[in-house]
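Note that my numbering has the sequence shown beginning at 11, numbered continuously upward. Even glycine gets a Cβ: it sits at the ideal position worked out from N, Cα and C. Structure, as structure tokens:
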Amino acid sequence: MSKVQLLVFSSLITACTSGDSAENHFNQGVANYEAGNLEQALADYTKALELDPDFVLAYHNRGLAYANLGDLEQAIADYTKALELDQTLVRAYINRGAAYQKSGDLEQAIRDFGRYLDLVPNASNREEVINTIEQLK
């Protein structure tokens, strides 16, 4: 292996193992979220998204952090982006539905809860979701 090839290979290894990867920032965001450090979790998820703009779970989890901070508009935007990237991310439907419900957009909440039930017909929380839909009507 030539010195140039070795240098390129070494640079690739360093880039792949550095702490500045989207996955590392995402994992740090999860740890901060679970510890209740929501503002830091937001920063971590945002950094993960800067490094990987198609990181579906980073959008979803940042939506969770925004929702817990009371920023429902931004939470809905992040859940929506996650669903644009992966329409089968069922938890994004239930979480976006809850954010719509809290924000007063009951029609959208019902639609998202219904989509969740369509995607997960045997959901363990099926009766709870059906009851919520009925209460919102």
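{"Item": "Contained beta strand (DSSP E) runs [length at least 3] in the stretch 40–123, N- to C-terminal order", "Value": "none"}
{"Item": "Candidates 132, 95, 133, 124, of which the one nearest residue 146 by Cα", "Value": "124"}
{"Item": "Residue 23 (DSSP reduced to helix, strand or coil)", "Value": "The pLDDT assigned to residue 23 is 44, lower than 50, so where the model puts this residue is not dependable; a value taken from the coordinates is nonetheless given after this. Helix, per DSSP."}
{"Item": "Own chain partners of residue 83 with C-beta closer than 8 Å, once the 5 adjacent residues on each side are dropped", "Value": "113"}
{"Item": "Alpha-carbon to alpha-carbon, residue 37 and residue 30", "Value": "11 Å"}
{"Item": "N- and C-terminal bounds of the alpha helix (DSSP H) containing residue 139", "Value": "136–146"}
{"Item": "Cβ shell of residue 48 (< 6 Å), same chain only, five flanking positions each side left out", "Value": "75, 78, 79"}
{"Item": "Residue 69 beta carbon less than 7 Å from that of residue 91", "Value": "yes"}
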